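Letter 959 of the sequence shown, counting from 1, is numbered 947 in the numbering used here, and no numbers are missing.
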Amino acid sequence: MSPTVIRTRILSTLAGGVAAALVLAGAVSAAAAPAPTEVAIADTGATAETRSLFAYLRDQQGQGVLFGQQHATDYKVGTGTATPSDVQDVTGDLPAVFGFDTLTIDGGERPGVSSNTPEQNADLLGAAFVAADAEGAIPTLSAHMRNFITGGNYADLTGRVVASILPGGDHNADFRAYLDLIARAANAAERGDGSLVPIIFRPFHENTGSWFWWGAANTTAGEYKEIFRYTVEYLRDVKGVHNLLYAFSPNGTFDGDAARYLETYPGDAWVDVLGYDSYENSNAPENSDTWIASAVTDLAMVTDLAAAHGKISAFTEFGRNGDRTIGPSGNKSLNYFTDLLAGLTADAKAKRVAFMLTWANFGGGQIYVPPVGHEMAQDFADYYDDPYTVFASELPGDVHTRTATAAAAELGIRIVTPASGSRVATSPATVRVKLTGADDSAVTAASFTVAGLADDTAPHTLALDGDGYWSASWAIAEDDLANASVTLTATATVGADELTATSTVTLGAAPELAPGVIDDFEGYGDDAALRTAYTAQNTSSSAFSLVDVVGGTQALKMDYSLAVGGYLGLTKSYSPTQNWSGDSELHLWLDPDASDQRLVIQITAGGLAFEGYPSLAGDAPGEVVIPFADFRTPTWQNLPDARLTPERLADVSKFGIYLNQSGATAASGSIVIDDIRTDGDGDYYDPEAPPTSSEPVVVEDFESYASTTAARAAWANRGSPALRLDLATDHVGSGEQAGAFGFDFTSDGYNQLARWTSPMNWAGRTQLSFWVDPGDAGQTLLFQFRTKAQPGQAEDTFWNLGYPLTGDGPQEVSLPFSDATIGWPSGLDPALRPTDADLADVKEFVIMATQSSGTAPATGTFWLDDIRADGGTATEPEYPAGTAFTLDDFEGYADDAALRAGWNNRGDAAQLSLETEHVGEGAKATAYSYDFSSQNYTQVARWVGGQNWVDLDGVNFWLDPAGHAQKVIVQFRTGPVAGQSDDTFWNLEYAFAGDAAPGYVHLPFTDAVAGWPAGISASERPSDALLSSVTEVVLMLAQSDTADTSGTVYLDDVSVGPAVIVIPTEPGEPTPPSAAPEAAGSDSLTPELENRIRLASTQLHPGDTVTVYLPSGYSGEYVAGVLYSTPTVLGGWQLVTTGDTISLTIPSDIAAGSHRLAVQDADGAVIGWVAVTVSALAATGAEGELLRDAAASALLALLAGGGLVAVTRRRPRGARG
């Protein structure tokens, strides 16, 4: 693989100009393309810099494509390099476009902080825009907004969210509050000269899919347009934000069909950038040619539209995900980036996209740009070297200084509510009308009329309300709420112009169908009502209509025109899900067209798609019956053995009808479908009923495999980094064979294998049990099992159960399902645990080894057998104690660059530098500089590979405040606490005074408070289970003194180890105890006190005088030394010197052999002891230097405002908290 590549080419001068407007069949009307100095910008009041950016991007089309990446410098996966960006590591340059997301405001993504308020995070986001601008990049902002009904994340599909946040909706105020935060971030993007950084804002993206709550299956086209328009108008006109360009970015594919692309287009008055999102997700092809060809076709269409509308075109998201996600190695299509660029530049239209942005290198399986050393890094370097790509250093200096004027806004009118395609279920309804390009004071008349109701023909007068809408209350007769469609026409007179707009809506609640009836199509008053109930897939909704059939009833007509390999369809979703388990077959009436195309009836049940295939070979109409037993999963799900079990049929979430082109030539025609229902005698399954069986379900016993090859084939469901599976006959739980799992963490911190288990019913079982021989692994075993999606979610649920691979010899272990936490998807209620309904359909089982200890072997083997779901008594895992260690003493860094690379996990370690004067022990420390002028904290972080911190009591460090009064926060990351799905970040805080002297600080784990995620009780503390695998450490400085905005403090000797006993001292001369010291009993020399004192050497001789080093804080106290085996007090009371030392003389007549040397305080309590060996020969050499090892953390003491305070003793082993 190539090293960092620095590009030396020089781009040709960028030409201006824009193509003449195109006349497109089926496109919405568009204004003529503006003159080069005029921009068709959505915000006519935009700042000069924002207008200039529009002009640059518009004129850049066809001259070169800007490369962008989401979170370009916030996240990276590469290691061992000093830059914060994988792109910069490979190319020496930064992306020309930096992507950010509103998740930052919630603290869910950088630069947001989970413990901040949304307002603080909005300010950080504004600062990030400024920082990106300073790097020469153009910032964009996407919006993964929470579900405003439930509070769930963007993938929570519960409720009709868009309708609820439109004006008049129950959650409109919540949505406005969210937009207020976006406005705050945009207004915070202020440069030093007072100008605002222009930002491309891309809300409600990928709306043509159904994975977001604003997607096609969850809102109507009319509602989508209105919420997009409302968002623009609120930010622009209400909040006065004028540094935004607005991007519309549905997801492919459209097969080049402009009409379908424009079905949800909000309009020129609200859009500046016409975008397109597309990801390659199938890993079947060896190259990416098919996906590239599809993307190029659609991008050519998008650039045509942009030219016709005077807008900017962009490839707003691209990349490889799903099965095609870029892995550490073994990837197909290694020339992905250069092949994609070649495909774009070979098409005169597609090459006109202004920029192309890929997603973030979040890690954890998400790689979109290959890091240095990756097998695809050279291809990305070649992509960078191509003269047609533009990166940050190559943007011209006038991106924000071009002269550009805003074209006048066109006069227009629209009906905001009820939005076209929506359903009005109750009376009265509020009609809201909005004018654009006109002052409301110029309106002389405004009204609306209703077409389709015989008793409602008179105009309804509209009046201007306090929210800027022309509105009226519309009373609808009860008899008119009959599931029929009507058309509202709004009219407004503005001077000499009369403006009109229409909205077609369905009146009345959705029809209720009889049990077992999927659809009989009788309840729809017209085509519009039908199209409201279904979501068109890969086609326009106009392909579906109602038709009369014999007997005078209505049916569904599907018109199709399919290219080779094409498809179209319609779907309806169920929330809550439906229970069809009491039936055994699906019935429908079909009038085929003898085309022999592939008709697909698709049922989504238990989170999986199942398909039946009625024939279109003949033309005779009649009833078709498909037994549920004949349904199969589509090939793309890779589950050939899955079936429509009663458990799955009890959880039907979607029904769809598709037509796939099946021949060698394009096809067109129409078919008619009616009376779709379920029937037959099925085995009814009630997911809420108590389970009737709790017999063990064997997941894997390894007995059925004839060879290791066969076992590996069964467990080949996940790619690299893979565990190495071999059949074993010498380490078995029962039977003849077990699985030997070899791991190798030299490249990755985890290895995994998986197999499909579907269908597997664990309902009624309470735990996962297994036999394990951990060998010498010393790492962590993680089981993951996959079940159906949770209500309101589009993705399946992955549950985690972990167990440490420690202990002596084989073990029988049971892990209760009540301890299973959600590993994916993120954002779910952390209190969720798998129910019997979930456990009734376990689809996939994963065995994973994760690196939990840097001291344990990076390679090794463990053995598993008899994995089963059962109902026995769970075994409480035991977690061995960790070993005290120094996390960083800063001695091993050659220079500042090496230091920063070691603490660069958050991409912001530039504030660290090596220090040689302000040090604790040794020759080096770190100088930690802070600047709180733009934010009130700074942080550095490093991965620690899953270290075991059990029974180590706390974190220690040496601190020199250097006259500053701020706060140190040591944050460490563990797995999720009970009731949470996200990893937990624990905070240990220490506020220091400006006049505090340099010294050691100890922060016990008993003081650790969860900083993230939200909702964890302040009384929660990290358990041994969590401390057994610490994965990340963060050192933060937070502002305490608001007057002190910049400075430097010094840190050294960061370690993890036992608590330090610190005895407070009072001023004045100490007085020795009146009584002579008496030796404590030998049972006082407990294991936790061992090595709490130190000698230069534990090899002693009769008559030696040795220096004993005590824990910090005993200076000025009286102590006594005692030598055991027969307790012998070594002299009388000793006054501890300033250096926390005393001198003791070994008796000259002491017997040779092993002894224990202890020091006890004036109350007779043992401070610490150390094992020593006395030889028969007298010492002749000078005393050696103090040995420093991992246990030196016992010498650290707690500084609090410059004074020393007492802390509790370390709890005994076995006293678990």
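Glycine included, C-beta positions come from ideal geometry on N, C-alpha and C. Since we're looking at a predicted model, the values are computed, not measured.
Out of the options, which has the shortest C-alpha to C-alpha gap to residue i?
i, options, result
"F55", "E382, S572 and T138", "E382"
"L287", "G315, A336, W258 and E251", "A336"
"L816", "G504, E800, H193 and D784", "D784"
"G197", "D662, F189, A209 and L1083", "A209"
"L991", "T291, E977, Y601 and G999", "E977"
"A125", "V387, A36 and T418", "V387"
"G982", "A950, S1007 and A998", "A950"
"S183", "T926, F192, R217 and V229", "V229"
"A985", "H1143, F920 and W946", "W946"
"D883", "F306, F850, T914 and Q566", "T914"
"Y44", "T393, A116 and A165", "T393"
"F306", "P1075, M344 and H448", "M344"
"L587", "L558, N567, S563 and L596", "L558"
"S533", "E611, A489 and I659", "I659"
"E1078", "N141, R636 and V1154", "V1154"
"T128", "S429, L41, W201 and T67", "L41"
"N788", "A116, W624 and F833", "F833"
CB-CB under 6 Å to residue i, same chain, minus the five flanking residues each way: which ones, in chain order?
i, result
"A348", "Q58, H59 and Y63"
"A407", "G210, E211 and E214"
"T1196", "Model confidence at T1196 stands at a pLDDT of 26, short of 50, so the residue's coordinates are unreliable and nothing is read from them."
"F690", "Q725, A726 and G727"
"E194", "N239 and D265"
"G203", "N195 and G197"
"L827", "W750 and A751"
"S237", "R190, H193, G263, D265 and T304"
"D111", "A176"
"T38", "P186 and N231"
"A885", "A70"
Pull up the CB-CB distance for residue i and residue j, whole angstroms please, since I reckon it's below 8 Å.
i, j, result
"V932", "V1018", "6 Å"
"V685", "N749", "7 Å"
"N471", "A543", "The pair is not a contact, with the Cβ atoms about 17 Å apart (cut-off 8 Å)."
"G409", "T520", "6 Å"
"A426", "V482", "5 Å"
"I855", "F758", "4 Å"
"G1091", "L1014", "Incorrect: roughly 51 Å between the Cβ atoms, too far for contact."
"P359", "D796", "Not a contact, Cβ separation roughly 40 Å."
"P634", "G670", "6 Å"
Starting from the C-beta of residue i, find all residues in its chain whose C-beta is less than 8 Å away, skip the five residues before and the five after it, and write them out in chain order.
i, result
"Q1122", "Y1106, V1107, A1108, G1109, I1130, S1131 and L1132"
"G114", "R172, A173, A174, N175, A176, A177 and E178"
"L154", "N160, E211, E214, I215, Y218, V404, T405 and A407"
For residue i, I'd like the list of residues in its chain whose CB is within less than 7 Å of its CB, leaving aside the five on either flank, ordered along the chain.
i, result
"D667", "G504, D571, E573 and H575"
"R700", "L713"
"G600", "L574, I589, I614, D618 and F619"
"V220", "A30, Y234 and W258"
"G657", "Y548, D581 and S583"
Going by DSSP, name the residue or residues bridged to residue i.
i, result
"M133", "Paired residue(s): none; M133 is not in a bridge."
"S1025", "Reading off the sequence, residue 1025 comes out as Leu, not Ser. Answer by DSSP bridge pairing, in chain order: T926 and V956."
"P1090", "For P1090, which the question treats as bridged, DSSP gives no partner whatsoever."
"I403", "V421"
Quick one: complete beta strand (DSSP E) runs, 3+ long, within the region 472 to 519? 472 to 482, 485 to 495 and 505 to 507
Just to confirm the assignment: which complete beta strand (DSSP E) runs, minimum length 3, are found wholly within the region 519 to 560? 523 to 525, 532 to 536 and 542 to 550
Jot down the residue ranges of each uninterrupted beta strand (DSSP E) in the region 562 to 590, minimum 3 residues, whole runs only, in chain order. 573 to 579
Of all the beta strand (DSSP E) runs that stay within the bounds of the region 407 to 481, which reach a length of 3 or more residues? 417 to 424, 431 to 439 and 458 to 462
Which runs of the beta strand (DSSP E) fall wholly inside the region 180 to 219 and span at least 3 residues, in chain order? Here the runs fully enclosed are 187 to 190.
Segments of 3+ residues assigned as beta strand (DSSP E) that fall wholly inside the region 721 to 775: 726 to 732, 738 to 744 and 755 to 761
Note down, one range per segment and in chain order, each beta strand (DSSP E) of at least 3 residues found wholly within the region 853 to 914. 873 to 876 and 900 to 903
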